[in-house]
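Heads up: the protein sequence lines correspond to chains G and C, in order. The opening residue of the first sequence carries number 1 in the working numbering; numbering runs sequentially from there. The opening residue of the second sequence carries number 1001 in the working numbering; numbering runs sequentially from there. Backbone N, C-alpha and C define an ideal beta-carbon position, used for all residues, glycine too. Report on one structure; see the data block that follows.
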Amino acid sequence: DIQMTQSPASLSASLGETVTIECRASEDIYSNLAWYQQKPGNSPQLLIYDANSLADGVPSRFSGSGSGTQYSLKINSLQSEDVASYFCQQYNNYPFTFGSGTKLEIK
Amino acid sequence: QIQLVQSGPELKKPGESVKISCKASGYTFTDYAMHWVKQVPGKGLKWMGWINTYTGKPTYADDFKGRFVFSLEASASTANLQISNLKNEDTANVFCARSSYYSSPGMDYWGQGVMVTVSS
């Protein structure tokens, strides 16, 4: 199975700041990567697919980048509504696997 | 609008079975795969597998082979998950989520989740 190592586990930032979350795959996943946001008590929501494509309706302050085994999610101009947990997921190989998550809080 | 509506919370005893449903609306059911994802409260996400809604063929992650069965009622645009011989470690929120066959398999719509509690 492909292991997805996500960092940091938690993050505290101020409104308006830019934050970056990283995900490292245990082997090349050829940009077959998605990022999800999960707000407390809610279902996950797709933010990014194919490593850098913005899902429908997602604000442009979210962006994804990376290739090979290293990927990142950047959130520009942090808003209060961005408080959530964020997960990466690879879909290059079965079984699809998720990172362990990053909990984002506002300072 | 596109919706995946799952059945209600379940409280079961060890050894019992449970069947969870996921009813899709707002799109052509057979044009999208259906995935199942497990989340222990306060923890991360674990992919359980998926079912091809066109052929009915299921694919299970290794940890979900044996006691778990994905099925369809295609005429009702519904995907089901049955778990038999329930164990305490099956206690979790279980989500259904769809993904496209024709573009990225990112899961773009999710059900609201079903909390399955297994306790004696």
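Asked	Found
According to the Cβ coordinates, are G:D28 and G:G68 closer than 8 Å?	yes
Of all the options C:M1115, C:S1120 and C:S1119, which has the alpha carbon lying nearest to the alpha carbon of C:I1020?	C:M1115
Examine the Cβ distances between the stretch 1052-1071 of chain C and the stretch 73-92 of chain G and report whether three or more of them are shorter than 8 Å.	no
State the beta-bridge partners of G:I21 as determined by DSSP.	G:L73
Within 8 Å of any Cβ in chain C, is that where the Cβ of G:A25 sits?	no
Could you tell me whether the stretch 1009-1020 of chain C touches the stretch 69-89 of chain G, where touching means 3 or more Cβ pairs closer than 8 Å?	no
Under 8 Å by Cβ, that's how I've got C:Y1045 and C:Y1109 pegged, so tell me the actual separation to the nearest angstrom.	Checking the sequence, you will find Leu at residue 1045 of chain C rather than Tyr. Contact flag wrong, Cβ pair sits at about 15 Å.
I need the straight-line Cα distance from G:A109 to C:I1083, nearest angstrom please.	The displayed coordinates of chain G run from 1 to 107. Any statement about residue 109 of chain G would go beyond what the structure contains.
Against chain G, does C:S1104 count as a neighbour if the rule is that its beta carbon must be under 8 Å from one of theirs?	yes
Closer than 8 Å, CB to CB, is C:M1107 near chain G or not?	yes
Could you check how far apart the C-beta atoms of G:Y36 and G:L47 are, in whole angstroms? I think they sit under 8 Å.	6 Å
Residues in the stretch 80-99 of chain G with C-beta within 8 Å of chain C's C-beta atoms, listed in sequence order?	F87, Q89, Y91, Y94, P95, F96, T97, F98 and G99
Could you tell me whether the Cβ atoms of G:Y49 and C:G1049 are closer together than 8 Å?	no
Say whether chain G places a C-beta atom closer than 8 Å to the C-beta of C:L1045.	yes
Can you list the beta strand (DSSP E) stretches of 3 or more residues lying completely in the stretch 1061-1088 of chain C, in chain order?	1068-1073 and 1078-1083
Roughly how many angstroms lie between the CA atoms of C:A1074 and C:F1068, to the nearest whole one?	19 Å
Return no unless some Cβ of chain C is closer than 8 Å to the Cβ of G:P44.	yes
Does any C-beta atom of chain C lie closer than 8 Å to the C-beta of G:A55?	yes
Return the CA-CA distance between G:S60 and C:S1119, expressed in angstroms with no decimal places.	44 Å
For C:W1110, which residues in chain G fall below 8 Å Cβ to Cβ?	S43, P44 and Q45
Helix, strand or coil: which one does DSSP assign to C:D1031?	helix
Tell me the rounded alpha-carbon separation between C:T1117 and C:L1081.	15 Å
Can you name the residues of chain G whose CB is closer than 7 Å to the CB of C:F1070?	Simply none; closest approach about 14 Å.
What does DSSP give as the partner residue(s) for G:E105 in the beta ladder?	G:S12
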